[in-house]
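Notes follow the structure.
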Amino acid sequence: MSAQAAPFAVLTDIAQRSRAMAAGLPEQQEAIELWNGIGFVLAGQNYVAPMGEVVEILHLPRYTHVPGVRSFMLGAANVRGRLLPLIDLAHFFDLPRSSRSARERRVLVIEQDDIFSGLVVDGVAGMQYFAADSFVPEPQGVPDIVRPFVQGAYERNEENWKVFSTEQLVTDERFLDVAQW
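Under the working numbering, think of the first position of the sequence shown as 1, with each following residue one higher.
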């Protein structure tokens with residue numbers, strides 16, 4: 001055995017013993033497919049907007065009333081140099097406002113094609129994750145006026161989170177026509 005072979009033999013021996021003593025990989029578990037969105041509260045009910053439909057969440061900013069518009073349009077706010085029309089979503093649907101204070105209200109900023117709007121909701125519950133197999137295509141307890149904008153629901157911990165489509169909302173003629181006359 002040469003002087004070079006001894007260190008190589010030692011390293012080979014270490015490698016063989018390491019493999020023999022190594023713990024196996026953990027058993028692979030079946031991954032659960034998840035669906036996620038932005039959770040919010042409207043008239044005391046839980047809703048969730050699909051990720052990608054909400055571009056930003058804001059505290060209710062100071063805004064200026066706009067004359068000659070329907071009562072559900074609160075006004076327009078300057079958000080980083082852009083005018084953001086603010087729509088009171090509960091008022092738009094003629095739903096009672098939950099007992100939350102104005103301080104807890106949030107604005108879901110949506111931007112789809114050339115429509116840039118802020119939807120004022122009673123509160124935001126942050127990012128929500130649901131098992132994809134907990135989807136219910138026809139949820140119960142959805143107010144009739146909101147039903148066209150709800151695309152099923154997810155159930156978790158005995159709670160029902162209705163999937164609210166802002167894409168459907170921005171195509172609704174009532175949403176687009178804010179002029180009072």
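For each residue, glycine too, the CB sits at the ideal point set by N, CA and C.
Given this structure, state the Cα-to-Cα distance separating Gly141 from Met21, to the nearest angstrom.
58 Å
Along the chain, which unbroken stretches of the beta strand (DSSP E) at least 3 residues long are found entirely within the segment 108-144?
115-121 and 123-131
Among residues of its own chain, excluding the 5 on either side of Gln168, which ones have a beta-carbon nearer than 6 Å to its beta-carbon?
Phe149
Given this structure, state the Cα-to-Cα distance separating Gly39 from Ser18, to the nearest angstrom.
49 Å
Would you mind sorting Met1 into buried or exposed? The rule is 16 or more other CB atoms within 10 Å of its CB.
Low confidence applies here, because Met1 scores a pLDDT of 48, under 50, leaving its location unreliable and the question unanswered by this model.
List the whole-angstrom C-beta distance separating Val107 from Leu60, where the pair is believed to meet the contact cut-off of C-beta under 8 Å.
6 Å
Can you tell me which of Val69, Arg103 and Ala43 puts its alpha carbon nearest to the alpha carbon of Gln180?
Val69
Over the uninterrupted beta strand (DSSP E) stretch that includes Arg97, give me the two end residues.
Looking at the DSSP string, Arg97 is not in any beta strand (DSSP E), and its letter there is neither H nor E.
For Leu84, which residues in the same chain have their Cβ closer than 6 Å to its Cβ, ignoring the five residues on either side in sequence?
Ala77 and Gly118
Candidates Val121, Ala125 and Asn157, of which the one nearest Ala131 by Cα:
Asn157
Rounding to the nearest angstrom, what Cα-Cα distance links Arg174 and Val66 in this structure?
17 Å
What do you get for Glu56, buried or exposed, if any count of 16 or more other CB atoms within 10 angstroms of its CB means buried?
exposed
So for Asp172, helix, strand or coil by DSSP?
coil
In three-state DSSP terms, what is Asp177?
coil
Do the CB positions of Val146 and Leu95 come within less than 9 Å of each other?
yes
Just how far apart, CA to CA, sit Phe135 and Ile14?
53 Å
Just checking Ala20 against the ligand MN - is the residue's beta carbon closer than 8 Å to any of the ligand's heavy atoms?
Looking for the ligand MN in the displayed structure turns up nothing, as the structure carries no ligands at all.
I'd like to confirm the pairing. Which residues does DSSP put opposite Pro85 in its beta bridges?
Ala76
Name the DSSP bridge partner or partners of Thr64?
Ala76
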